[in-house]
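Quick note: the sequence shown uses this note's numbering, first residue 3, plus one each step. Note sheet for the following structure.
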Amino acid sequence: MNFGCYLQAGKIAAEVRDSARKKYHVGSTLFEICESVEAQIRSMNAEPAFPVNTSVNEVAAHYTAEPNDATLVKEGDVLKIDIGVHVDGYIADTAVTVCYDPKHEALVSTAETALGEAVKIARTNTKASDIGRVIETTITKFGFKPIQNLSGHSLQPGKSIPNIWTRGSSFALLPNEAYAIEPFVTTKDGQGVVYEGKTKNIFGITSRKPVKDKEADDLLGIIWSRYKTLPFALRWLTDKYDEKDLRRLADMLIRKKNVHAYPILVEGHNKIVVQAEHTLIPTESGVNIITL
Ligand SMILES: [Co+2]
């Protein structure tokens with residue numbers, strides 16, 4: 003565990019998030035937004051830990067721009083920008099929801115408030131279930147609904163931090179381990195549940211076993227050398243391939259189960275979803291919110 007790398011990743015992620023928050027995105031394409039956020043990360047000598055997620059309205063998470071994605075941000079859209087930064091493999095994860103329609107202001111601020119309340123109690127030994135309870139209580143108090151099957155997580159894979167109160171076993175936060183807390187909120191008439199959509203534009207290597215197709219194995223090698231098992235997007239590989247070949251080879255790697263494709267996550271009643279997120283590291287004496 004390298005605290006310095008975490009702090010560095012957190013500082014960069016926070017700076018990039020805050021400049022994304024200040025920008026006026028209406029009229030920009032999702033491609034332009036993703037590419038410019040990622041360029042900013044790279045300009046600070048860090049790497050994206052995953053393709054920037056730009057999920058709009060009822061899409062809660064896991065949408066990133068396709069190569070040359072022409073989808074425009076429209077007036078009234080609710081855009082979640084979820085940013086991961088890694089410095090030598092140490093990851094900070096943070097998100098902001100941008101929206102210029104005052105109609106959704108209360109929803110957006112509820113996610114921020116729920117995150118703030120969760121961060122207030124997150125310390126070494128805090129139970130993840132207590133964080134879930136605080137998030138749920140705060141969201142419900144404002145008349146909205148948490149997305150119950152989306153959760154925060156430790157940055158070392160495996161543990162999830164719920165956005166609702168769940169009975170039964172829970173784990174306690176450990177000192178010097180990084181956790182992302184990320185409430186997702188929808189409206190009262192939402193289902194409060196997300197489902198996998200058809201669109202898949204985030205990928206990750208799951209096996210390096212050769213598929214015995216020279217071109218596909220070459221692509222697998224390039225992906226491994228650049229991203230290892232971290233998520234990637236096809237637009238990150240268009241420097242080496244034209245889009246058509248890339249899609250054909252990626253499809254082959256997906257079929258052979260060398261590469262996993264992550265579907266977008268869509269609100270069950272197609273209602274608007276908002277998100278806020280910080281990464282924090284509890285210590286023996288307090289807590290370090292690295293993306294503040
Ligand atoms: Co995130």
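By construction, the Cβ of each residue, glycine as well, lies at the ideal position given by its N, Cα and C atoms.
- As the crow flies, the alpha-carbon of T240 is around 41 angstroms from that of V289.
- Boundaries of the alpha helix (DSSP H) harbouring D220: 216-229, taken from the DSSP string.
- Of the other Cβ atoms in all chains shown, 16 or more fall within 10 Å of the Cβ of L222; this residue is therefore buried.
- Separation of L176 and A11 (C-alpha to C-alpha, rounded to the nearest whole angstrom) is 20 angstroms.
- Within the segment 161-185, the runs of beta strand (DSSP E) that reach at least 3 residues and sit entirely inside it are, in chain order, 181-183.
- Judged by DSSP in its simplified three-state form, V89 adopts strand.
- It is roughly 43 angstroms from the alpha-carbon of P164 to the alpha-carbon of K216.
- With fewer than three CB-CB distances shorter than 8 angstroms, the segment 96-103 does not count as touching the segment 253-262.
- If you draw a 10 Å sphere on the C-beta of S287, you find fewer than 16 other C-beta atoms in it, and that means exposed.
- DSSP places L232 outside any beta strand (DSSP E), giving it a letter other than H or E.
- For E245, the uninterrupted alpha helix (DSSP H) run begins and ends at 245-257, by DSSP.
- Annotated as distal: L157 and T66, with beta-carbon spacing of 8 angstroms or more.
- Under DSSP, the beta-bridge partners assigned to F205 are F234, A263.
- In this structure, the alpha-carbon of K200 lies about 13 angstroms from that of E269.
- Cα atoms of Q42 and M254: separation of roughly 32 angstroms, rounded to the nearest angstrom.
- Bridge partners of D95 according to DSSP: G86.
- Note on T285: under 16 other CB atoms within 10 angstroms of its CB, so exposed under the neighbour-count rule.
- Short note on E60: C-beta not closer than 7 angstroms to any heavy atom of ligand 1.
- N70 and R249 have their C-alpha atoms roughly 13 angstroms apart.
- Residues of the same chain with a CB within less than 8 angstroms of the CB of I123, apart from the 5 flanking positions on each side, are D132, I133, V136 in chain order.
- The C-beta separation of E184 from G145 comes to about 21 angstroms, leaving the pair out of contact by the 8 angstroms criterion.
- Excluding five sequence positions before and after W167, the CB atoms of its chain that fall closer than 6 angstroms to its own CB belong to G134, R135, E138, given in chain order.
- Here S57 is buried, its C-beta having at least 16 other C-beta atoms within 10 Å.
- With respect to the 8 angstroms criterion, L236 and A218 are not classified as neighbours on the basis of their beta carbons.
- Counting along the chain, no beta strand (DSSP E) covers G6; the unbroken alpha helix (DSSP H) around it starts and ends at 5-24.
- Annotation: V187 to I291 spans about 21 angstroms, alpha carbon to alpha carbon.
- Closest by C-alpha distance to K129, out of A63, Q150, Q193, K161, is K161.
- For G118, the secondary structure class from DSSP, reduced to helix, strand or coil, is helix.
- Residue environment: D84 is assigned as buried (16 or more neighbouring CB atoms within 10 Å of its CB, all protein chains considered).
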